[in-house]
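A.B. asks:
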Amino acid sequence: MHQICIQVRGKEFRVADASFSLLTGNDIETRLVRAGGIIFREGEQANELFVIKSGYVRIQVGNKTMADLPADTIFGEMALIDNEPRSATAAALTDVELVPVSEKQFLFLVSQTPHFALKVMRTLAQRLRTMNKGVF
49 MHQICIQVRG
59 KEFRVADASF
69 SLLTGNDIET
79 RLVRAGGIIF
89 REGEQANELF
99 VIKSGYVRIQ
109 VGNKTMADLP
119 ADTIFGEMAL
129 IDNEPRSATA
139 AALTDVELVP
149 VSEKQFLFLV
159 SQTPHFALKV
169 MRTLAQRLRT
179 MNKGVF
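If you use the numbering used here, the sequence shown corresponds to residues 49 to 184, in order.
#1: Here's the rule I'm using: 16 or more other beta-carbon atoms within 10 Å means buried, otherwise exposed. How should Leu155 be labelled?
#2: At what residues does the alpha helix (DSSP H) containing Gln153 begin and finish?
#3: Reducing DSSP to helix, strand and coil, say where Ala172 ends up.
#4: Below 7 Å CB to CB, which residues in the same chain sit around Thr142 once its five sequence neighbours on both sides are set aside?
#5: What number of angstroms, rounded off, separates the C-alpha of Asn111 from the C-alpha of Ala136?
#6: In angstroms, rounded to a whole number, what distance separates the CA positions of Lys152 and Leu117?
#7: For a test of the three-state rule: what should DSSP assign to Leu128, helix, strand or coil?
See below:
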């Protein structure tokens with residue numbers, strides 16, 4: 049049986065399943081995006097979210113910077129949750145190494161790992177609170 053782990057904001061979540069192989073070690077599929085490269089654009093359809101393995105990602109809505117995200121941060125999850133187009137553009141602020149997580153993998157993690165699901169909910173709530181502070 050394989051051990052599956054994913055790191056989100058420095059917290060490691062594990063689940064055991066022989067058919068699933070999302071690892072944050074060196075043998076996982078990663079995607080390198082050079083500084084200034086676009087990861088996804090506002091309005092695009094989504095089929096994956098990302099975990100930042102190294103580097104920084106800037107999240108923008110229009111020309112407004114919403115956040116600069118460091119390593120071990122999950123992003124792009126909102127479009128998978130609500131099946132709507134991307135609500136922001138994500139660009140590599142530095143060279144970044146990303147771990148793409150497909151919708152199928154995400155749904156597996158959410159259904160099999162309550163701590164992962166809770167962390168995603170807390171991340172969304174924290175981002176909403178931050179946005180509200182800027183609006184009200």
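Note that CB positions come from ideal geometry on N, CA and C, so glycine has one too.
C.D. replies: So, from the data block:
#1: In the assembly as shown, Leu155 is an exposed residue. Its beta-carbon has fewer than 16 other beta-carbons within 10 Å.
#2: Unbroken alpha helix (DSSP H) run through Gln153: Glu151 to Gln160.
#3: For the record, residue 172 in the displayed sequence is Leu; it is not Ala. DSSP places Leu172 in helix when its eight states are reduced to three.
#4: Closer than 7 Å at Cβ, skipping near neighbours: Ala83, Gly103 and Tyr104.
#5: If you take the alpha carbons of Asn111 and Ala136, they lie about 10 Å apart.
#6: Answer to the nearest angstrom: the Cα atoms are 24 Å apart.
#7: If DSSP states are grouped into helix, strand and coil, Leu128 belongs with the helices.
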